[in-house]
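Protein chains in written order, with our numbering: chain A, 27 to 282; chain B, 111 to 124.
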């Protein structure tokens, strides 16, 4: 039996919102340590890796490993019915064909219960090994989202170049070109505004703007995003959860 | 123009 209680429904809402436009359905793998998901979009360009560790939950138990096949659009509709501040409990028996979703209002004496039909999903997974990283950038997630949106107005590609003391985001298209350069910054009063850049090798990579638009839907999950880049390799974009992460692996674009 | 690569070029299937 699986039972996981979130202190606030808003966390699961944000996670599902960040995933549902990239993949329509995926398996949630539940173990005694928490819940993990690996899912790849139809074009096999963007991979989502989610880990919700046990400590994220107010209460958590999972007696036996369970795989829950979930349609994210349907899941999103149901969890949208709860208030952000509600407790949200997900519940499944071993071999269940439905997932129980329970909202508890913290003020009113009100409990709402829903059942989501589970799917049988035959997903082929990719072997994502620990990758070497040439450059790591950590910046406010809202700043990264704005850069991606602004550059998307110019081109379907975003070029990221990283040197020792700066990261440059640039796009060039039919109407013109643009660039944003960020530099490391320590803000003691507002640590969430700090920017760090660490570099072993200079980086010059391009990514598809439309996939970056999907990635930045995770912005509300974390004040910061960490971007790990390696030349000629997929980029990793990580949003930390209170305990765990939502990570995106994005295949780069290359010169033809 | 640039060509989009696929993750399967980098990661093997399990």
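Beta carbons are placed, not taken as given, at the ideal position from N, Cα and C, and that holds for glycine.
Are the CB atoms of residue 242 of chain A and residue 174 of chain A nearer to each other than 8 Å?
Indexing the first chain from 1 puts residue 242 of chain A at position 216. Indexing the first chain from 1 puts residue 174 of chain A at position 148. A contact, by the Cβ cut-off of 8 Å.
Whose C-alpha, out of A:112, A:145, A:70 and A:141, is nearest the C-alpha of residue 129 of chain A?
Numbered from 1 along the first chain, position 103 holds the residue referred to as residue 129 of chain A. Answer by Cα proximity: A:112.
According to the Cβ coordinates, are residue 257 of chain A and residue 160 of chain A closer than 8 Å? Looking up residue 257 of chain A in the first chain gives position 231. Looking up residue 160 of chain A in the first chain gives position 134. Closer than 8 Å, so yes.
What is the DSSP secondary structure of residue 108 of chain A, counted as helix, strand or coil? On the first chain, residue 108 of chain A is found 82 positions in, with the first residue counted as 1. Coil.
Q) Going by other Cβ atoms of all chains shown within 10 Å of its Cβ, with 16 needed for buried, is residue 264 of chain A buried or exposed? A) Residue mapping note: residue 264 of chain A aligns to position 238 of the first chain, counting from 1. Around the beta carbon of residue 264 of chain A, 16 or more other beta carbons sit within 10 angstroms, so the residue counts as buried.
Checklist entry - Got a sec: is the Cβ-Cβ distance from residue 210 of chain A to anything in chain B below 8 Å? => result Position 184 of the first chain holds residue 210 of chain A. Taking Cβ atoms only, chain B never reaches closer than 8 Å to residue 210 of chain A, which makes this a no.
Exercise. From which residue to which residue does the beta strand (DSSP E) around residue 193 of chain A run?
Worked result: For the purposes of this step, residue 193 of chain A is taken as residue 167 along the first chain, with counting starting at 1. It spans 192-198 - the beta strand (DSSP E) in which residue 193 of chain A sits, taken as one unbroken run.
Can you tell which of A:249, A:71 and A:57 has the C-alpha that lies nearest to the C-alpha of residue 86 of chain A?
On the first chain, position 60 is the one that residue 86 of chain A refers to. Of the listed residues, the one whose Cα sits closest to residue 86 of chain A is A:57.
- Query: Between residue 259 of chain A and residue 120 of chain B, is the Cβ-Cβ spacing less than 8 Å?
  - Reply: Within the first chain, residue 259 of chain A is the residue found at index 233, counting from 1. Within the second chain, residue 120 of chain B is the residue found at index 10, counting from 1. The Cβ atoms of residue 259 of chain A and residue 120 of chain B lie closer than 8 Å to each other.
Quick check: the Cα distance between residue 35 of chain A and residue 115 of chain A, rounded to an integer number of angstroms?
Counting from one through the first chain, the residue named residue 35 of chain A turns up at place 9. Counting from one through the first chain, the residue named residue 115 of chain A turns up at place 89. Distance between the alpha carbons of residue 35 of chain A and residue 115 of chain A: 8 Å.
**Q.** Every unbroken beta strand (DSSP E) within the segment 231-266 of chain A, with a cutoff of 3 residues, ordered by chain
**A.** Listed in chain order, they are 250-255.
| Identified DSSP bridge partners for residue 222 of chain A | As a position in the first chain, residue 222 of chain A is number 196, starting the count at 1. Answer by DSSP bridge pairing, in chain order: A:164.
### Message
Let me make sure I understand the geometry here. Which of A:249, A:187, A:62 and A:66 has the alpha-carbon closest to that of residue 49 of chain A?
### Response
Position 23 of the first chain holds residue 49 of chain A. Ranking A:249, A:187, A:62 and A:66 by Cα distance to residue 49 of chain A puts A:66 first.
Query raised in the report: From which residue to which residue does the alpha helix (DSSP H) around residue 40 of chain A run?
Result: Counted from its first residue, the first chain places residue 40 of chain A at position 14. Segment 35-46, the alpha helix (DSSP H) holding residue 40 of chain A.
query: Can you tell me whether residue 44 of chain A is buried or exposed, with buried defined as 16 or more other CB within 10 angstroms of its CB?
result: Sequence index remark: in the first chain, residue 44 of chain A carries index 18 (1-based). Label assigned to residue 44 of chain A: buried.
inquiry  = For a quick check, are the C-beta atoms of residue 60 of chain A and residue 78 of chain A less than 8 Å apart?
reply    = Numbered from its first residue, the first chain carries residue 60 of chain A at position 34. Numbered from its first residue, the first chain carries residue 78 of chain A at position 52. Closer than 8 Å, so yes.
**OP:** Work out the CA separation of residue 282 of chain A and residue 146 of chain A for me, nearest whole Å.
**Re:** For the purposes of this step, residue 146 of chain A is identified with residue 120 of the first chain, where counting begins at 1. For the purposes of this step, residue 282 of chain A is identified with residue 256 of the first chain, where counting begins at 1. Straight through space, the alpha carbons of residue 282 of chain A and residue 146 of chain A are spaced by roughly 39 Å.
| request: Measure the Cβ-Cβ separation of residue 272 of chain A and residue 144 of chain A and say whether it is below 8 Å. | output: Stepping through the first chain from its first residue, residue 272 of chain A is reached at position 246. Stepping through the first chain from its first residue, residue 144 of chain A is reached at position 118. At the C-beta level, residue 272 of chain A and residue 144 of chain A stay beyond 8 Å of one another.
| field | Straight-line Cα distance separating residue 140 of chain A from residue 32 of chain A | value | If you number the first chain from 1, residue 32 of chain A lands on position 6. If you number the first chain from 1, residue 140 of chain A lands on position 114. Distance between the alpha carbons of residue 32 of chain A and residue 140 of chain A: 16 Å.
Would you say residue 54 of chain A and residue 63 of chain A are within 8 Å of each other, going by their C-beta atoms?
For the purposes of this step, residue 54 of chain A is identified with residue 28 of the first chain, where counting begins at 1. For the purposes of this step, residue 63 of chain A is identified with residue 37 of the first chain, where counting begins at 1. A contact, by the Cβ cut-off of 8 Å.
Note to self: Residues of chain B with CB closer than 7 Å to the CB of residue 70 of chain A, please, in chain order.
What the structure shows: For the purposes of this step, residue 70 of chain A is taken as residue 44 along the first chain, with counting starting at 1. Taking a Cβ-Cβ threshold of 7 Å, the residues of chain B close to residue 70 of chain A are 116, 117 and 118, in chain order.
Worksheet item: What is the DSSP secondary structure of residue 83 of chain A, reduced to helix, strand or coil?
Response: Sequence index remark: in the first chain, residue 83 of chain A carries index 57 (1-based). Residue 83 of chain A sits in coil when the DSSP states are folded into three classes, being neither helix nor strand.
Could you tell me whether the Cβ of residue 195 of chain A comes closer than 8 Å to any Cβ of chain B? Within the first chain, residue 195 of chain A is the residue found at index 169, counting from 1. Judged by the 8 Å Cβ criterion, residue 195 of chain A is not in contact with chain B.
Exercise for review: With DSSP as the reference, label residue 101 of chain A as helix, strand or coil.
Suggested key: Residue numbering aside, residue 101 of chain A sits at position 75 when the first chain is read from its first letter. Residue 101 of chain A falls in the helix class under three-state DSSP.
*asked:* Tell me which residues share the same chain as residue 183 of chain A and place their Cβ nearer than 6 Å to its Cβ, disregarding the 5 neighbours each side in the sequence.
replied: To locate residue 183 of chain A, count along the first chain from 1; it is residue 157. Excluding positions up to five away in sequence, the list reads 232 and 279.
message: Can you pull the chain B neighbours of residue 154 of chain A, defined as C-beta to C-beta under 7 Å?
response: For the purposes of this step, residue 154 of chain A is taken as the residue at position 128 of the first chain. Within chain B, the residues near residue 154 of chain A are 121.
Taking residue 279 of chain A as the query, report the chain B residues whose CB atoms sit under 8 Å from its CB, ordered along the chain. Numbered from its first residue, the first chain carries residue 279 of chain A at position 253. Correct list: 112, 113, 114 and 115.
>> According to DSSP, simplified to helix, strand and coil, what is residue 170 of chain A?
In response: Translated into the one-based positions of the first chain, residue 170 of chain A becomes position 144. DSSP places residue 170 of chain A in helix when its eight states are reduced to three.
Check: For the beta strand (DSSP E) that residue 31 of chain A lies in, which residues bound it at each end?
Finding: Working through the first chain from its first residue, we reach residue 31 of chain A at position 5. Looking at the DSSP string, the run of the beta strand (DSSP E) that includes residue 31 of chain A is 28-32.
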